[in-house]
Amino acid sequence: MDLIALIALVIIVVFFFKDFKSVVYFLAIVEIFFRLVHIIVNKLAIASLTTVVNSYIPASIASILAKYSNGLLYDILIWGLIILFIFFEFYLIKYWIKKNK
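Just so we're aligned, residue 6 is where the sequence shown starts under the working numbering, counting upward by one.
This is the structure:
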């Protein structure tokens, strides 16, 4: 279900923004959100909240890909995700350089 939701959200972002940069930013935002939620919940150490978060919120996009694929397909998808994060770093650095001028 989480993979379907992620794909649907990516399609919505593509439909509304029609820009590769928007998809890259969206995936980075989702990844950071997933990781932050899990870090915060682990630091709070509330058992019931931890159970809910671990049950319904994936730890990362990579964990979603690992859940629904394996082997060569998983490797291809992970490398695609890595390339998207490289683009994200490029866009952040480009923005930071423009901002400081």
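Glycine is no exception: its CB is placed at the ideal position from the N, C-alpha and C atoms.
Whose C-beta lies closer than 8 angstroms to the C-beta of residue 31 among residues of the same chain, with five residues either side of it excluded?
-> Numbered from its first residue, the sequence shown carries residue 31 at position 26. 14, 15 and 18, listed in sequence order.
Out of curiosity, what's the CA-to-CA distance linking residue 46 and residue 83?
-> Within the sequence shown, residue 46 is the residue found at index 41, counting from 1. Within the sequence shown, residue 83 is the residue found at index 78, counting from 1. Rounded to the nearest whole angstrom, the CA to CA distance from residue 46 to residue 83 is 26 angstroms.
Since residue 26 contacts residue 96 with CB under 8 angstroms, what's their CB separation in whole angstroms?
-> On the sequence shown, position 21 is the one that residue 26 refers to. On the sequence shown, position 91 is the one that residue 96 refers to. Contact flag correct, Cβ pair sits at about 6 angstroms.
Sorted by chain position, which residues of the same chain lie with C-beta nearer than 7 angstroms to residue 71's C-beta, five sequence neighbours on each side aside?
-> If you number the sequence shown from 1, residue 71 lands on position 66. Here residue 71 has 79 as same chain residues with Cβ atoms under 7 angstroms from its own Cβ, once five neighbours each way along the sequence are excluded.
Rounded separation between residue 92 and residue 29 - CA only = Here residue 92 corresponds to residue number 87 of the sequence shown, with the count starting at 1. Here residue 29 corresponds to residue number 24 of the sequence shown, with the count starting at 1. Cα to Cα, the separation comes out at about 7 angstroms.
Residue 49, buried or exposed, once every other Cβ within 10 Å from all chains shown has been counted against 16 | By 1-based counting over the sequence shown, the position of residue 49 is 44. Exposed, by the Cβ-count rule.
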